[in-house]
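Numbered by my numbering, the letters in the sequence shown go through residues 817 to 967 in order. Notes follow the structure.
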Amino acid sequence: MAFCGSCGAPVEGKFCAKCGTPMDAAVPPPGATPGAAPGAAATGMTDNAASALCYVLGLITGILFLVLAPYNQNKTIRFHAFQSIFLNVAWILFWMVFNIVFAALHLFSLLFLSPLIGLVFFILWIYMIISAYQGKTVVLPVIGPIAQGQA
């Protein structure tokens, strides 16, 4: 049985009874979700899912999505990949400098702030994953414009 490429309804004949699309229009491949985004059928993953996965393992998945062929040509996915990389590099550098400076100044009583700042970065990381999956583009203050320039 054939399915309409526009609405996914089963079609018997040359036109879809539900939306009127001619049957010579593109038909989604077997197993594809009817009415899914065009990028989903071509690459196997929607743009918002790929954007969210850019943040999951930080540097690793950010670099991975910049290297993989169908994803590295999508501007939205490239933006999220670069922002993920820059966010993780910023966190690593901040954590190192923070701990080294407080240790060098013998302010060990203030080192309890390190886990609190880590918790803030963790919450930001979860927020970025959820926002990207929902299709929202959150531009972080300092690294966001840099990531937009790279994408």
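In this text, a Cβ means the ideal position worked out from N, Cα and C, and glycines have one as well.
Starting from Cys968, trace the alpha helix (DSSP H) both ways and give me its first and last residue. Outside the displayed span of the chain (817 to 967) sits residue 968, for which this structure offers no information.
Which runs of the alpha helix (DSSP H) fall wholly inside the region 860-915 and span at least 4 residues, in chain order? Listed in chain order, the complete alpha helix (DSSP H) runs (minimum 4 residues) inside the region 860-915 are 863-872 and 875-883.
Assuming contact is defined by CB atoms lying nearer than 8 Å, are Val958 and Gln964 in contact in what I supplied? Taking the first residue of the sequence shown as 1, we reach residue 958 at position 142. Taking the first residue of the sequence shown as 1, we reach residue 964 at position 148. No, the pair does not count as a contact, with Cβ atoms beyond the cut-off.
Alpha helix (DSSP H) containing Gln966: first to last residue? For the purposes of this step, residue 966 is identified with residue 150 of the sequence shown, where counting begins at 1. Segment Ile959 to Gln966, the alpha helix (DSSP H) holding Gln966.
Quick one, are the C-beta atoms of Ser900 and Gly874 less than 8 Å apart? Working through the sequence shown from its first residue, we reach residue 900 at position 84. Working through the sequence shown from its first residue, we reach residue 874 at position 58. Contact: yes.
Exposed or buried, Met912, counting other C-beta atoms within 10 Å across all chains shown (16 or more means buried)? Taking the sequence shown and counting its residues from 1, one reaches residue 912 at position 96. Answer is exposed; the Cβ neighbour count stays below 16.
Helix or strand or just coil, what does DSSP make of Phe928? Position 112 of the sequence shown holds residue 928. Phe928: coil per DSSP, three-state reduction.
Distance, Cα to Cα, Phe914 vs Gln889? Counted from its first residue, the sequence shown places residue 914 at position 98. Counted from its first residue, the sequence shown places residue 889 at position 73. Spanning the two alpha carbons is a distance of roughly 37 Å.
Helix, strand or coil: which one does DSSP assign to Ala818? Numbered from 1 along the sequence shown, position 2 holds the residue referred to as residue 818. Annotated three-state conformation of Ala818 is strand, per DSSP.
Give me, in chain order, the residues of the same chain whose beta-carbon lies closer than 8 Å to that of Gly960; leave out the 5 immediate sequence neighbours on both sides. Here residue 960 corresponds to residue number 144 of the sequence shown, with the count starting at 1. Closer than 8 Å at Cβ, skipping near neighbours: Gln899 and Val954.
Alpha-carbon spacing of Phe831 relative to Cys823, whole angstroms: Position 15 of the sequence shown, counted from the first residue, corresponds to residue 831. Position 7 of the sequence shown, counted from the first residue, corresponds to residue 823. Looking at the two C-alpha atoms, the distance is approximately 12 Å.
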